[in-house]
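Residue numbers (my numbering): 20 to 459.
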(Lines of atoms letter the chains of each structure in order from A and count residues from 1; the text may use other names and numbers.)
(Lines give C-alpha, C1' and ligand atoms only; values in the text may rest on other atoms or scores of the structure.)
Protein backbone atom coordinates (compact mmCIF):
# COMPACT_ATOMS: atom_id res chain seq x y z
CA UNK A 1 0.00 0.00 0.00
CA UNK A 2 2.90 2.32 0.66
CA UNK A 3 4.14 1.68 -2.88
CA UNK A 4 0.71 2.57 -4.29
CA UNK A 5 0.48 5.80 -2.34
CA UNK A 6 3.56 7.17 -4.07
CA UNK A 7 1.40 7.62 -7.18
CA UNK A 8 -0.33 10.99 -7.36
CA UNK A 9 -3.14 9.75 -9.61
CA UNK A 10 -6.77 9.82 -8.55
CA UNK A 11 -7.70 6.27 -7.53
CA UNK A 12 -9.12 4.37 -4.57
CA UNK A 13 -7.44 1.44 -2.86
CA UNK A 14 -9.75 -1.41 -1.91
CA UNK A 15 -8.48 -4.38 0.09
CA UNK A 16 -10.64 -7.49 -0.13
CA UNK A 17 -9.87 -9.74 2.84
CA UNK A 18 -10.84 -13.39 2.79
CA UNK A 19 -10.70 -13.98 6.53
CA UNK A 20 -7.02 -13.42 7.31
CA UNK A 21 -5.77 -14.00 10.85
CA UNK A 22 -2.61 -11.90 10.61
CA UNK A 23 -2.16 -8.11 10.79
CA UNK A 24 -3.93 -7.35 7.47
CA UNK A 25 -6.92 -5.62 9.08
CA UNK A 26 -4.70 -3.54 11.35
CA UNK A 27 -2.56 -2.42 8.40
CA UNK A 28 -5.65 -1.46 6.39
CA UNK A 29 -6.99 0.68 9.21
CA UNK A 30 -3.62 2.38 9.62
CA UNK A 31 -3.37 3.05 5.88
CA UNK A 32 -6.97 4.36 5.73
CA UNK A 33 -8.00 2.31 2.72
CA UNK A 34 -11.38 0.80 1.85
CA UNK A 35 -11.66 -2.65 3.43
CA UNK A 36 -14.19 -5.28 2.43
CA UNK A 37 -14.44 -8.78 3.84
CA UNK A 38 -15.61 -11.88 2.04
CA UNK A 39 -15.67 -15.61 2.36
CA UNK A 40 -12.68 -17.64 1.32
CA UNK A 41 -11.94 -18.06 -2.37
CA UNK A 42 -10.18 -15.73 -4.76
CA UNK A 43 -13.17 -15.28 -7.06
CA UNK A 44 -15.39 -14.25 -4.17
CA UNK A 45 -12.76 -11.81 -2.89
CA UNK A 46 -12.26 -10.19 -6.29
CA UNK A 47 -15.99 -9.80 -6.90
CA UNK A 48 -16.52 -8.25 -3.45
CA UNK A 49 -13.76 -5.75 -4.13
CA UNK A 50 -15.19 -4.85 -7.52
CA UNK A 51 -18.65 -4.32 -6.01
CA UNK A 52 -17.20 -1.73 -3.62
CA UNK A 53 -15.37 0.17 -6.38
CA UNK A 54 -16.70 3.49 -7.65
CA UNK A 55 -14.33 3.93 -10.60
CA UNK A 56 -14.90 3.13 -14.25
CA UNK A 57 -11.71 1.06 -14.50
CA UNK A 58 -10.79 -1.79 -12.14
CA UNK A 59 -7.21 -2.90 -11.52
CA UNK A 60 -6.98 -6.24 -9.74
CA UNK A 61 -3.57 -6.54 -8.10
CA UNK A 62 -2.09 -9.16 -5.79
CA UNK A 63 -0.95 -7.84 -2.42
CA UNK A 64 2.65 -8.88 -3.19
CA UNK A 65 2.78 -7.28 -6.65
CA UNK A 66 4.27 -3.84 -7.32
CA UNK A 67 3.33 -1.55 -10.19
CA UNK A 68 5.91 0.09 -12.49
CA UNK A 69 6.46 3.83 -12.11
CA UNK A 70 4.63 4.57 -15.36
CA UNK A 71 1.67 2.28 -14.65
CA UNK A 72 -1.05 4.92 -14.54
CA UNK A 73 0.26 6.79 -17.56
CA UNK A 74 0.01 3.54 -19.54
CA UNK A 75 -3.43 2.75 -18.15
CA UNK A 76 -4.74 6.25 -18.85
CA UNK A 77 -3.49 6.09 -22.42
CA UNK A 78 -4.94 2.61 -22.96
CA UNK A 79 -8.41 3.30 -21.60
CA UNK A 80 -8.61 6.68 -23.34
CA UNK A 81 -9.56 4.60 -26.35
CA UNK A 82 -13.21 3.62 -25.82
CA UNK A 83 -12.67 0.44 -27.83
CA UNK A 84 -10.20 -0.93 -25.25
CA UNK A 85 -11.74 -3.04 -22.49
CA UNK A 86 -9.05 -5.09 -20.75
CA UNK A 87 -5.26 -5.43 -20.54
CA UNK A 88 -2.44 -6.71 -18.38
CA UNK A 89 1.23 -5.89 -17.73
CA UNK A 90 4.42 -7.76 -18.43
CA UNK A 91 5.64 -9.85 -15.48
CA UNK A 92 8.88 -9.68 -13.51
CA UNK A 93 9.99 -11.01 -10.13
CA UNK A 94 11.57 -9.35 -7.11
CA UNK A 95 14.61 -11.62 -7.28
CA UNK A 96 16.78 -12.83 -10.16
CA UNK A 97 16.94 -16.55 -10.95
CA UNK A 98 17.38 -18.13 -14.36
CA UNK A 99 14.08 -20.04 -14.25
CA UNK A 100 12.12 -17.02 -13.02
CA UNK A 101 13.75 -14.92 -15.75
CA UNK A 102 12.50 -17.41 -18.35
CA UNK A 103 8.99 -17.38 -16.86
CA UNK A 104 8.95 -13.59 -16.95
CA UNK A 105 10.21 -13.45 -20.53
CA UNK A 106 7.22 -15.48 -21.75
CA UNK A 107 4.80 -12.90 -20.34
CA UNK A 108 5.27 -10.82 -23.51
CA UNK A 109 3.18 -13.41 -25.34
CA UNK A 110 -0.58 -13.66 -24.95
CA UNK A 111 -1.46 -17.33 -24.54
CA UNK A 112 -3.57 -19.35 -22.15
CA UNK A 113 -0.27 -20.19 -20.39
CA UNK A 114 0.56 -16.55 -19.62
CA UNK A 115 -2.82 -15.13 -18.60
CA UNK A 116 -2.39 -14.99 -14.85
CA UNK A 117 -3.43 -12.44 -12.26
CA UNK A 118 0.21 -11.98 -11.21
CA UNK A 119 0.51 -9.61 -14.19
CA UNK A 120 -2.37 -7.48 -12.94
CA UNK A 121 -5.84 -7.39 -14.49
CA UNK A 122 -6.98 -3.96 -15.68
CA UNK A 123 -10.54 -3.98 -16.99
CA UNK A 124 -13.24 -1.47 -17.75
CA UNK A 125 -15.98 -1.95 -15.13
CA UNK A 126 -18.74 -2.17 -17.74
CA UNK A 127 -16.85 -4.99 -19.48
CA UNK A 128 -16.26 -6.73 -16.13
CA UNK A 129 -20.02 -6.62 -15.49
CA UNK A 130 -20.73 -7.93 -18.98
CA UNK A 131 -18.54 -10.93 -18.15
CA UNK A 132 -20.39 -11.40 -14.82
CA UNK A 133 -17.14 -11.04 -12.91
CA UNK A 134 -15.05 -13.93 -11.67
CA UNK A 135 -16.42 -17.42 -11.42
CA UNK A 136 -16.47 -18.98 -7.96
CA UNK A 137 -14.02 -21.90 -8.06
CA UNK A 138 -11.01 -23.18 -6.10
CA UNK A 139 -8.25 -22.07 -8.43
CA UNK A 140 -7.44 -20.48 -11.79
CA UNK A 141 -10.20 -17.86 -11.49
CA UNK A 142 -7.85 -15.38 -13.15
CA UNK A 143 -7.09 -17.69 -16.10
CA UNK A 144 -10.77 -18.36 -16.67
CA UNK A 145 -11.62 -14.65 -16.44
CA UNK A 146 -8.96 -13.78 -19.04
CA UNK A 147 -10.16 -16.57 -21.33
CA UNK A 148 -13.76 -15.42 -21.00
CA UNK A 149 -12.65 -11.85 -21.74
CA UNK A 150 -10.59 -12.86 -24.79
CA UNK A 151 -13.53 -14.74 -26.28
CA UNK A 152 -15.55 -11.50 -26.10
CA UNK A 153 -12.88 -9.41 -27.85
CA UNK A 154 -12.77 -8.91 -31.59
CA UNK A 155 -9.23 -10.24 -32.04
CA UNK A 156 -9.52 -12.83 -29.20
CA UNK A 157 -6.31 -11.51 -27.62
CA UNK A 158 -5.55 -9.74 -24.31
CA UNK A 159 -3.49 -6.54 -24.88
CA UNK A 160 -0.22 -6.33 -22.93
CA UNK A 161 1.13 -3.02 -21.62
CA UNK A 162 4.87 -2.49 -22.27
CA UNK A 163 6.04 -2.32 -18.65
CA UNK A 164 6.62 -4.88 -15.90
CA UNK A 165 4.84 -5.40 -12.63
CA UNK A 166 7.15 -6.96 -10.05
CA UNK A 167 5.70 -9.96 -8.26
CA UNK A 168 7.03 -11.72 -5.16
CA UNK A 169 8.89 -14.95 -5.87
CA UNK A 170 7.96 -16.22 -2.40
CA UNK A 171 6.16 -19.37 -3.53
CA UNK A 172 8.94 -20.34 -5.97
CA UNK A 173 11.59 -19.81 -3.30
CA UNK A 174 9.73 -21.70 -0.57
CA UNK A 175 9.37 -24.81 -2.72
CA UNK A 176 12.28 -24.39 -5.11
CA UNK A 177 11.74 -22.83 -8.56
CA UNK A 178 11.80 -26.09 -10.52
CA UNK A 179 9.56 -27.94 -8.08
CA UNK A 180 7.07 -25.07 -7.94
CA UNK A 181 7.03 -24.86 -11.74
CA UNK A 182 6.28 -28.58 -11.96
CA UNK A 183 3.52 -28.22 -9.36
CA UNK A 184 2.03 -25.34 -11.35
CA UNK A 185 2.21 -27.36 -14.57
CA UNK A 186 0.55 -30.35 -12.90
CA UNK A 187 -2.29 -28.22 -11.55
CA UNK A 188 -2.71 -26.29 -14.79
CA UNK A 189 -2.98 -29.55 -16.72
CA UNK A 190 -5.73 -30.54 -14.29
CA UNK A 191 -7.51 -27.28 -14.99
CA UNK A 192 -7.25 -27.72 -18.77
CA UNK A 193 -8.63 -31.26 -18.50
CA UNK A 194 -11.53 -30.10 -16.33
CA UNK A 195 -10.47 -31.75 -13.08
CA UNK A 196 -12.82 -30.64 -10.30
CA UNK A 197 -11.62 -27.37 -8.68
CA UNK A 198 -11.90 -28.93 -5.20
CA UNK A 199 -9.54 -31.73 -6.24
CA UNK A 200 -7.04 -29.22 -7.66
CA UNK A 201 -7.14 -27.18 -4.45
CA UNK A 202 -6.54 -30.32 -2.36
CA UNK A 203 -3.66 -31.42 -4.60
CA UNK A 204 -2.07 -27.97 -4.45
CA UNK A 205 -2.08 -27.87 -0.64
CA UNK A 206 -0.82 -31.46 -0.42
CA UNK A 207 2.16 -30.78 -2.68
CA UNK A 208 3.28 -27.74 -0.67
CA UNK A 209 4.08 -29.61 2.54
CA UNK A 210 7.87 -29.65 2.11
CA UNK A 211 9.06 -26.08 2.01
CA UNK A 212 12.52 -24.62 2.32
CA UNK A 213 12.39 -22.45 5.41
CA UNK A 214 16.08 -21.61 5.79
CA UNK A 215 17.84 -18.99 3.68
CA UNK A 216 21.45 -17.87 3.41
CA UNK A 217 22.37 -14.37 2.25
CA UNK A 218 25.84 -13.73 0.82
CA UNK A 219 27.02 -10.13 0.53
CA UNK A 220 29.72 -9.70 -2.08
CA UNK A 221 31.31 -7.44 -4.62
CA UNK A 222 32.37 -8.54 -8.09
CA UNK A 223 36.16 -9.15 -7.96
CA UNK A 224 37.64 -6.28 -9.92
CA UNK A 225 41.05 -4.69 -9.50
CA UNK A 226 40.96 -1.54 -7.41
CA UNK A 227 37.40 -2.25 -6.19
CA UNK A 228 37.98 -4.86 -3.47
CA UNK A 229 39.97 -4.87 -0.19
CA UNK A 230 41.13 -1.31 -0.82
CA UNK A 231 42.75 -0.88 2.62
CA UNK A 232 44.77 -4.06 2.09
CA UNK A 233 45.78 -2.81 -1.36
CA UNK A 234 47.23 0.41 0.10
CA UNK A 235 50.26 -1.38 1.59
CA UNK A 236 50.42 -4.50 -0.57
CA UNK A 237 49.23 -4.07 -4.16
CA UNK A 238 45.86 -3.87 -5.91
CA UNK A 239 46.73 -7.12 -7.65
CA UNK A 240 47.35 -8.92 -4.37
CA UNK A 241 44.17 -7.51 -2.80
CA UNK A 242 42.19 -8.80 -5.78
CA UNK A 243 43.88 -12.21 -5.58
CA UNK A 244 43.17 -12.46 -1.85
CA UNK A 245 39.54 -11.46 -2.20
CA UNK A 246 38.84 -13.81 -5.11
CA UNK A 247 40.48 -16.75 -3.34
CA UNK A 248 38.33 -16.16 -0.26
CA UNK A 249 35.16 -15.64 -2.28
CA UNK A 250 35.66 -18.67 -4.54
CA UNK A 251 36.37 -20.91 -1.55
CA UNK A 252 33.30 -19.96 0.46
CA UNK A 253 30.95 -19.89 -2.54
CA UNK A 254 32.03 -23.41 -3.53
CA UNK A 255 31.35 -24.60 0.02
CA UNK A 256 27.97 -22.85 0.11
CA UNK A 257 26.92 -24.63 -3.08
CA UNK A 258 27.26 -27.91 -1.17
CA UNK A 259 24.87 -26.93 1.64
CA UNK A 260 21.60 -28.77 1.02
CA UNK A 261 17.95 -27.81 1.55
CA UNK A 262 18.41 -24.07 1.93
CA UNK A 263 17.73 -21.11 -0.32
CA UNK A 264 20.89 -19.25 -1.31
CA UNK A 265 20.84 -15.54 -2.10
CA UNK A 266 23.63 -13.41 -3.53
CA UNK A 267 23.33 -9.67 -2.87
CA UNK A 268 25.90 -7.89 -5.03
CA UNK A 269 27.10 -4.34 -4.40
CA UNK A 270 26.35 -2.56 -7.69
CA UNK A 271 23.29 -2.96 -9.91
CA UNK A 272 25.35 -3.08 -13.10
CA UNK A 273 27.40 -6.02 -11.74
CA UNK A 274 24.55 -8.52 -12.15
CA UNK A 275 25.62 -10.04 -15.47
CA UNK A 276 29.24 -10.45 -14.41
CA UNK A 277 28.34 -11.83 -10.97
CA UNK A 278 25.91 -14.37 -12.45
CA UNK A 279 28.49 -15.49 -15.03
CA UNK A 280 31.06 -15.88 -12.24
CA UNK A 281 28.89 -17.82 -9.77
CA UNK A 282 26.37 -19.64 -11.98
CA UNK A 283 22.66 -20.31 -11.74
CA UNK A 284 22.32 -21.95 -8.31
CA UNK A 285 21.57 -18.69 -6.51
CA UNK A 286 18.87 -16.06 -6.25
CA UNK A 287 20.34 -12.67 -7.15
CA UNK A 288 19.56 -9.15 -5.98
CA UNK A 289 21.58 -5.97 -5.57
CA UNK A 290 22.26 -4.29 -2.23
CA UNK A 291 20.18 -1.23 -1.45
CA UNK A 292 20.91 1.32 1.27
CA UNK A 293 23.24 4.13 2.25
CA UNK A 294 25.44 2.11 4.62
CA UNK A 295 26.18 -1.49 5.53
CA UNK A 296 23.50 -1.56 8.23
CA UNK A 297 20.71 -0.37 5.96
CA UNK A 298 21.84 -2.72 3.18
CA UNK A 299 21.78 -5.74 5.49
CA UNK A 300 18.43 -4.65 6.91
CA UNK A 301 16.92 -4.42 3.43
CA UNK A 302 18.30 -7.84 2.47
CA UNK A 303 16.91 -9.51 5.60
CA UNK A 304 13.51 -7.89 5.04
CA UNK A 305 13.40 -9.08 1.45
CA UNK A 306 14.34 -12.66 2.31
CA UNK A 307 11.94 -12.88 5.26
CA UNK A 308 9.18 -11.63 2.92
CA UNK A 309 9.76 -14.78 0.85
CA UNK A 310 8.61 -16.95 3.75
CA UNK A 311 11.94 -17.78 5.40
CA UNK A 312 11.88 -18.80 9.06
CA UNK A 313 15.65 -18.77 9.57
CA UNK A 314 17.95 -16.34 7.76
CA UNK A 315 21.76 -16.13 7.98
CA UNK A 316 23.98 -13.50 6.35
CA UNK A 317 27.73 -13.77 5.64
CA UNK A 318 30.38 -11.96 3.66
CA UNK A 319 32.98 -13.44 1.32
CA UNK A 320 36.27 -12.10 2.65
CA UNK A 321 36.74 -14.15 5.84
CA UNK A 322 39.32 -16.81 4.87
CA UNK A 323 38.48 -19.19 7.75
CA UNK A 324 34.71 -19.11 7.25
CA UNK A 325 33.50 -22.48 6.02
CA UNK A 326 30.49 -24.69 5.47
CA UNK A 327 30.71 -26.24 8.94
CA UNK A 328 30.41 -22.87 10.67
CA UNK A 329 27.46 -21.83 8.50
CA UNK A 330 25.67 -25.11 9.19
CA UNK A 331 26.39 -24.66 12.90
CA UNK A 332 24.80 -21.20 12.75
CA UNK A 333 21.68 -22.62 11.11
CA UNK A 334 21.49 -25.32 13.78
CA UNK A 335 21.92 -22.79 16.61
CA UNK A 336 18.79 -20.99 15.42
CA UNK A 337 16.75 -24.05 16.41
CA UNK A 338 17.14 -22.99 20.03
CA UNK A 339 18.10 -19.31 19.78
CA UNK A 340 16.54 -16.18 18.33
CA UNK A 341 19.84 -14.80 17.06
CA UNK A 342 23.27 -16.22 16.26
CA UNK A 343 26.43 -14.13 15.79
CA UNK A 344 29.87 -14.93 14.43
CA UNK A 345 32.23 -12.43 16.13
CA UNK A 346 35.30 -11.17 14.31
CA UNK A 347 38.52 -10.11 16.02
CA UNK A 348 38.13 -6.47 15.02
CA UNK A 349 35.00 -5.94 17.14
CA UNK A 350 32.49 -6.60 14.39
CA UNK A 351 30.85 -9.79 13.18
CA UNK A 352 31.25 -11.98 10.11
CA UNK A 353 27.87 -13.72 10.43
CA UNK A 354 24.43 -12.82 11.71
CA UNK A 355 21.42 -15.11 11.83
CA UNK A 356 17.84 -14.47 12.94
CA UNK A 357 14.54 -16.34 13.16
CA UNK A 358 12.53 -13.15 12.83
CA UNK A 359 13.09 -9.63 11.51
CA UNK A 360 14.56 -7.46 14.28
CA UNK A 361 14.97 -3.99 12.79
CA UNK A 362 16.60 -2.67 15.98
CA UNK A 363 19.73 -4.70 15.27
CA UNK A 364 20.48 -2.44 12.29
CA UNK A 365 19.31 0.95 13.53
CA UNK A 366 21.58 3.52 15.22
CA UNK A 367 24.70 1.35 15.04
CA UNK A 368 27.93 2.70 13.59
CA UNK A 369 28.88 -0.12 11.24
CA UNK A 370 32.51 -0.72 10.22
CA UNK A 371 33.56 0.34 13.73
CA UNK A 372 35.11 -1.64 16.59
CA UNK A 373 31.91 -1.44 18.64
CA UNK A 374 29.50 -3.14 16.21
CA UNK A 375 29.49 -6.47 18.06
CA UNK A 376 29.05 -4.97 21.54
CA UNK A 377 26.30 -2.60 20.36
CA UNK A 378 24.48 -5.44 18.63
CA UNK A 379 24.66 -7.71 21.68
CA UNK A 380 23.42 -4.83 23.86
CA UNK A 381 20.36 -4.47 21.63
CA UNK A 382 19.76 -8.22 21.57
CA UNK A 383 19.80 -8.37 25.36
CA UNK A 384 17.59 -5.28 25.61
CA UNK A 385 15.01 -7.05 23.42
CA UNK A 386 15.20 -10.09 25.69
CA UNK A 387 16.31 -12.42 22.91
CA UNK A 388 18.25 -15.65 23.23
CA UNK A 389 21.51 -15.65 21.29
CA UNK A 390 24.52 -17.82 20.59
CA UNK A 391 28.10 -16.90 19.69
CA UNK A 392 30.08 -18.82 17.09
CA UNK A 393 33.90 -19.19 17.02
CA UNK A 394 35.75 -15.91 16.64
CA UNK A 395 37.41 -15.45 13.23
CA UNK A 396 39.91 -13.01 11.75
CA UNK A 397 38.51 -10.34 9.44
CA UNK A 398 41.31 -9.18 7.15
CA UNK A 399 41.18 -5.58 5.99
CA UNK A 400 44.81 -4.51 6.48
CA UNK A 401 48.28 -5.93 5.88
CA UNK A 402 48.83 -6.14 9.63
CA UNK A 403 45.77 -8.37 9.99
CA UNK A 404 46.93 -10.44 7.02
CA UNK A 405 50.36 -11.07 8.56
CA UNK A 406 48.74 -12.03 11.87
CA UNK A 407 46.49 -14.51 10.09
CA UNK A 408 49.39 -16.03 8.09
CA UNK A 409 51.53 -16.41 11.20
CA UNK A 410 48.70 -17.86 13.25
CA UNK A 411 48.80 -21.21 11.47
CA UNK A 412 45.34 -21.07 9.96
CA UNK A 413 44.04 -24.36 8.61
CA UNK A 414 42.31 -22.70 5.69
CA UNK A 415 42.93 -24.53 2.38
CA UNK A 416 43.79 -21.23 0.70
CA UNK A 417 46.44 -20.18 3.25
CA UNK A 418 49.43 -21.65 1.38
CA UNK A 419 48.47 -19.98 -1.86
CA UNK A 420 47.96 -16.59 -0.21
CA UNK A 421 51.21 -16.93 1.74
CA UNK A 422 53.07 -17.77 -1.49
CA UNK A 423 51.68 -14.78 -3.41
CA UNK A 424 52.25 -12.43 -0.46
CA UNK A 425 55.91 -13.45 -0.27
CA UNK A 426 56.17 -13.14 -4.03
CA UNK A 427 55.08 -9.50 -4.09
CA UNK A 428 57.44 -8.73 -1.21
CA UNK A 429 60.46 -10.21 -2.99
CA UNK A 430 60.91 -13.00 -0.46
CA UNK A 431 60.06 -15.86 -2.77
CA UNK A 432 63.74 -16.62 -3.41
CA UNK A 433 64.22 -17.26 0.33
CA UNK A 434 61.29 -19.61 0.90
CA UNK A 435 58.82 -21.53 -1.23
CA UNK A 436 55.37 -21.83 0.29
CA UNK A 437 54.62 -25.02 -1.66
CA UNK A 438 57.70 -27.10 -0.96
CA UNK A 439 58.73 -25.48 2.33
CA UNK A 440 62.36 -24.95 1.27
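We treat Cβ as the ideally placed atom computed from N, Cα and C, and that holds for glycine.
Starting from the Cα of residue i, find the closest Cα among the options and give me that residue.
i, options, result
"residue 134", "103, 143, 194 and 175", "175"
"residue 350", "165, 372 and 339", "372"
"residue 395", "213, 362 and 305", "362"
"residue 32", "147, 41, 131 and 79", "79"
"residue 307", "408, 129, 402 and 188", "188"
"residue 38", "378, 48, 57 and 92", "57"
"residue 359", "407, 198 and 241", "407"
"residue 131", "159, 105, 152 and 403", "159"
"residue 275", "389, 205 and 348", "348"
"residue 411", "343, 89 and 435", "343"
"residue 330", "321, 337 and 400", "321"
"residue 83", "105, 101 and 43", "43"
"residue 196", "119, 207, 186 and 255", "119"
"residue 338", "441, 271 and 291", "271"
"residue 97", "346, 390 and 181", "181"
"residue 239", "420, 289, 391 and 209", "289"
"residue 61", "51, 148, 152 and 101", "152"
"residue 235", "261, 210, 442 and 193", "193"
"residue 436", "305, 401, 245 and 265", "265"
"residue 255", "441, 315, 420 and 121", "420"
"residue 488", "259, 390 and 442", "The question about residue 488 has no answer here: the residues shown for the chain are numbered 20 through 459."
"residue 418", "367, 430 and 313", "367"
"residue 269", "305, 245 and 345", "345"
"residue 23", "87, 55 and 355", "87"
"residue 441", "398, 311, 259 and 399", "259"
"residue 207", "146, 245, 173 and 157", "157"
"residue 146", "261, 99 and 103", "103"
"residue 444", "432, 428 and 434", "428"
In the DSSP assignment, what residue or residues form a beta bridge with residue i?
i, result
"residue 471", "Because the chain is modelled from 20 through 459, residue 471 falls outside the range shown and cannot be assessed."
"residue 345", "Per DSSP, none; premise fails for residue 345."
"residue 374", "334 and 361"
"residue 185", "85 and 111"
"residue 140", "79"
"residue 233", "332"
"residue 180", "108"
"residue 238", "286"
"residue 264", "None, per the DSSP bridge assignment."
"residue 408", "360"
My guess is that residue i and residue j are in contact by the Cβ rule of under 8 Å, so how many angstroms apart are they, rounded?
i, j, result
"residue 303", "residue 332", "Not quite, the Cβ-Cβ distance comes to about 19 Å (not below 8 Å), so this is no contact."
"residue 231", "residue 280", "6 Å"
"residue 415", "residue 365", "7 Å"
"residue 334", "residue 374", "4 Å"
"residue 319", "residue 383", "4 Å"
"residue 293", "residue 115", "7 Å"
"residue 63", "residue 155", "6 Å"
"residue 35", "residue 59", "Their Cβ separation, rounded to whole angstroms, is 11 Å, which puts residue 35 and residue 59 out of contact at 8 Å."
"residue 263", "residue 439", "6 Å"
"residue 184", "residue 85", "6 Å"
"residue 369", "residue 336", "With 8 Å as the limit, residue 369 and residue 336 do not qualify as a contact, their Cβ atoms being about 13 Å apart."
"residue 8", "residue 101", "Here the chain covers residues 20 to 459 and nothing more, so residue 8 does not appear."
"residue 149", "residue 77", "So it is not a contact: roughly 13 Å between Cβ atoms."
"residue 237", "residue 285", "5 Å"
"residue 241", "residue 287", "6 Å"
"residue 267", "residue 340", "7 Å"
Using a C-beta cutoff of 8 Å, does residue i count as contacting chain B?
i, result
"residue 90", "Reference to chain B is not applicable here, since this structure consists of a single protein chain."
Checklist entry - Pairing CB atoms from the stretch 67-76 with CB atoms from the stretch 114-133, are three or more of them under 8 Å? => result They do not touch, by the three-pair rule.
Checklist entry - What residue ranges within the stretch 305-330 form continuous beta strand (DSSP E) runs of no fewer than 3 residues, ordered along the chain? => result You should have 305-308.
Next on the checklist: When you compare the stretch 138-154 with the stretch 107-120, are there three or more beta-carbon pairs, one atom per stretch, that lie closer than 8 Å?
Outcome noted: Because the criterion of three Cβ pairs below 8 Å is met, the stretch 138-154 and the stretch 107-120 touch.
Next on the checklist: Whether or not the stretch 316-333 and the stretch 367-385 are in contact is what I'm after, with contact meaning three or more pairs of Cβ atoms, one per stretch, closer than 8 Å; do they touch?
Outcome noted: Using a C-beta cut-off of 8 Å, the stretch 367-385 makes contact with the stretch 316-333, since at least three inter-stretch Cβ pairs fall below that distance.
Item to check | contact_flag[the stretch 83-101, the stretch 161-170] where n(CB pairs < 8 Å) is 3 or more | outcome: Cβ pair count under 8 Å is below three, so no.
Item to check | Any 3 or more C-beta pairs closer than 8 Å across the stretch 238-251 and the stretch 191-201 | outcome: In short, these stretches do not touch, since the Cβ pair count stays below three.
Checklist entry - Which ranges would you report for the beta strand (DSSP E) in the stretch 62-130 if only whole runs of at least 3 residues count? => result Within the stretch 62-130, complete beta strand (DSSP E) segments of at least 3 residues are found at 76-79 and 105-112, given in chain order.
Item to check | Minimum length 3: unbroken beta strand (DSSP E) runs contained in the stretch 267-296 | outcome: Taking only runs of at least 3 residues, the beta strand (DSSP E) segments lying wholly in the stretch 267-296 are 282-287.
Item to check | Entirely enclosed alpha helix (DSSP H) segments - the stretch 410-435, minimum 4 residues | outcome: Runs found: 420-428.
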